[in-house]
Amino acid sequence: MPSPFLIVAIDGGAASGKSSTSRALSERFDFLHADTGSYYRAVTAELLRRGVATGSVDAVRAALGTLALSTRVEGRSARMEIGGRIVPEAEIRSPAVNAAVSHFAAIPEVRAALLAYQRGQAEVARERGFRGLVMEGRDIGSVIFPDADFRFFLHADPEERARRRAREGQTDSIAERDRLDTSRKTAPLTCPPGAIDIDSTFMTLDEVVNRITGMLATRLSPVA
Ligand code: DC
């Protein structure tokens with residue numbers, strides 16, 4: 043029997059461990075890894091660079107039509123290109139982007155502009171011969187891939203999440219971003235019905251990855 047192509051959705055709040063977990067799963071199962079937070083961040087950095095304010099929806103709408111989004115696969119990571127350029131990590135993790143990203147992400151036009159792009163990553167993964175796609179974000183299991191083979195929702199205590207960001211040397215408005223991401227009207231951060239909820243506050247990264255690996259392994263053998 044041919045191996046199935048798996049789509050795995052990992053949602054959760056800021057610094058809940060989504061990225062480290064998703065990256066580790068992409069290695070274990072040879073999946074393409076798509077960090078959709080980095081897509082919202084790249085778009086935010088580009089809009090800020092063009093001087094577009096979060097409040098001016100008309101300007102946002104006009105700019106969205108000219109972004110020219112494409113994907114570059116680096117290793118197992120799907121990176122967003124805007125006009126053929128990858129926005130550098132330092133820029134997408136900057137305090138200015140941290141402060142603005144949830145505001146842009148709450149604008150329905152911004153989410154609509156990224157919807158087809160995100161769904162298209164499954165095709166990119168298939169074309170490149172990956173055994174599946176692991177996509178992390180806020181609304182992957184609820185909106186982008188509600189029929190994903192596996193949907194997980196990671197929780198962690200806010201103080202533990204602040205410690206994790208501090209260990210990474212970052213200042214981030216975690217509580218404020220979570221408040222905005224949870225309360226927005228379009229595709230809010232939520233654990234959708236049927237998703238598997240994991241509280242990682244007292245778990246190591248390995249423990250989280252092992253637990254998820256055990257579930258995925260019922261469908262597909264790990265490669266690493
Ligand atoms: O995962 P992250 O913290 O890098 O995400 C940055 C912001 O992007 C987050 O505060 C809200 C937004 N986002 C979103 O609205 N939907 C997603 N699927 C992913 C991120």
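Residue numbers (my numbering): 43 to 266.
No residue lacks a Cβ here, since even glycine has one placed at the ideal position from N, Cα and C.
Predicted model, so just to flag it, every value in this text is computed and none were measured.
Is there at least one non-hydrogen atom of ligand 1 closer than 7 Å to the beta-carbon of residue i?
i: Gly179; result: yes
i: Ser80; result: yes
i: Ser64; result: no
i: Val129; result: no
i: Arg207; result: no
i: Lys60; result: yes
i: Asp223; result: yes
i: Ile49; result: no
i: Ser136; result: no
i: Ala56; result: yes
i: Arg219; result: yes
i: Val143; result: yes
i: Ala87; result: no
i: Arg193; result: no
i: Arg83; result: yes
i: Ile182; result: yes
So what does DSSP say about residue i, is it helix, strand or coil?
i: Ala110; result: coil
i: Met257; result: helix
i: Val94; result: coil
i: Arg180; result: coil
i: Phe195; result: strand
i: Ala229; result: coil
i: Val50; result: strand
i: Gly174; result: strand
i: Leu247; result: helix
i: Arg70; result: helix
What does a CB cutoff of less than 8 Å around residue i pick up in its chain, not counting 5 residues either side in sequence?
i: Val139; result: Arg83, Thr86, Ala87, Leu90 and Glu133
i: Val250; result: Gly59, Thr63, Leu196, Ile240 and Ser242
i: Arg92; result: Ala105
i: Leu157; result: Val185 and Ile186
i: Arg203; result: Gly55, Ala56, Ala57, Ser58 and Ile216
What number of angstroms, rounded off, separates the C-alpha of residue i from the C-alpha of residue j?
i: Ala167; j: Val102; result: 30 Å
i: Ser144; j: Thr232; result: 15 Å
i: Glu210; j: Asp53; result: 20 Å
i: Glu151; j: Asp248; result: 37 Å
i: Leu67; j: Ala164; result: 16 Å
i: Phe244; j: Arg135; result: 26 Å
i: Val265; j: Phe71; result: 5 Å
i: Gly174; j: Val115; result: 14 Å
i: Glu169; j: Leu74; result: 11 Å
i: Ala120; j: Ser225; result: 28 Å
i: Val39; j: Asn252; result: The chain is shown from 43 up to 266; residue 39 falls before or after that span and cannot be answered.
i: Gly79; j: Met122; result: 11 Å
Output needed for residue i: all residues of its chain with C-beta closer than 7 Å, excluding positions within five of it in sequence on either side, in chain order.
i: Arg261; result: Pro46, Leu48 and Asp191
i: Ile149; result: Val99 and Val102
Is there a Cβ of chain C sitting closer than 8 Å to that of residue i, yes or no?
i: Gly79; result: Note that chain C does not occur in the displayed structure, where there is just one protein chain.
Looking only at its chain, what residues have a beta carbon closer than 6 Å to the beta carbon of residue i, apart from the 5 residues adjacent to it on each side?
i: Arg193; result: Ala51, Gly183 and Ala237
i: Ala110; result: Gly125
i: Asp223; result: Ser144, Arg180 and Leu231
i: Val176; result: Val50, Ser64, Leu67, Ser68, Phe73 and His75
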